[in-house]
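**Student:** Have a look at this one before I ask anything.
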Amino acid sequence: MQIKNYIRDIQDFPKEGILFKDITPLLNDPIAREESLKILLDSLKGQKIDKVVGAESRGFFFGMLLADKLNAGFVPVRKPKKLPFKTISASYDLEYGTDSLEMHIDAIKKGDRVLIHDDVLATGGTAKALCDLVNELGGEIVQCNFLMELSFLNGREKINENPIFAAITY
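The sequence shown: position 76 = 76 (UniProt numbering), numbered continuously.
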């Protein structure tokens, strides 16, 4: 099965000049979704994971599935002012602007073995912010794990001190 066949291109979204990779067809197909999860899990064979960190919002889909299969906790990382408890934050650049992310201050304990998951590695801004948050709380990043990587945007360079895996590369 080619999971790439379940990723739809949307031109000029969220703004003109951006080619958006839409994963909703993949999420809608149980066989493609299960195959994607298997590929992501296979990259972690033999690794102990305590927490899976997922970025809002598309990182939540597979992040929760990964946490379940790995018998690990799930840490939602959200946009500002969406989490109810005390948070830490990190700002980052997108290919179409800037934003910031927040995580609860008690989400990661020092020494926790952490899998960072998001749907796409593009410019690396979101991934770098996730790594910064985990590092600030004393977590050990086992892998930065993505459904897809847009390699032409060189996002890998911002997080290359960590192991990186992408199920699909464009």
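We put the CB at the ideal spot given by N, CA and C, even for glycine.
My guess is that Ala72 and Val52 are in contact by the Cβ rule of under 8 Å, so how many angstroms apart are they, rounded?
**Tutor:** The pair is a contact, with the Cβ atoms about 5 Å apart (cut-off 8 Å).
**Student:** Could you tell me if the beta carbon of Ile168 falls within a distance shorter than 6 Å of some heavy atom in the ligand ZN?
**Tutor:** The ligand ZN is not part of this structure, which contains no ligands at all.
**Student:** State the start and end residues of the unbroken alpha helix (DSSP H) segment that holds Arg156.
**Tutor:** From DSSP, the alpha helix (DSSP H) with Arg156 extends over Arg156 to Ile159.
**Student:** Are the C-beta of Gln11 and some C-beta of chain C separated by less than 7 Å?
**Tutor:** Of the protein chains in the structure, only one exists, and it is not chain C.
**Student:** Determine the closest residue to Arg164 out of Gly138, Glu136 and Ala122, with distance taken between C-alpha atoms.
**Tutor:** It should be pointed out that residue 164 corresponds to Ile in this sequence rather than to Arg. For the residues Gly138, Glu136 and Ala122, the minimum Cα distance to Ile164 belongs to Ala122.
**Student:** Residues bridged to Ala55 by DSSP?
**Tutor:** Ala55 is bridged to Val77.
**Student:** Identify every residue that forms a DSSP beta bridge with Asp118.
**Tutor:** DSSP, once it has assigned bridges, lists Phe146 as partnering Asp118.
**Student:** Just to confirm before moving on: does the CB-CB distance between Ser89 and Glu102 stay below 7 Å?
**Tutor:** Yes, the Cβ-Cβ distance between Ser89 and Glu102 is below 7 Å.
**Student:** Here's a check: name, in chain order, each residue in its chain whose Cβ is nearer than 6 Å to the Cβ of Lys86, leaving out the five neighbours to either side.
**Tutor:** Correct list, in chain order: Ile105.
**Student:** So, using beta-carbon positions, are Tyr6 and Asp29 closer together than 7 Å?
**Tutor:** Closer than 7 Å, so yes.
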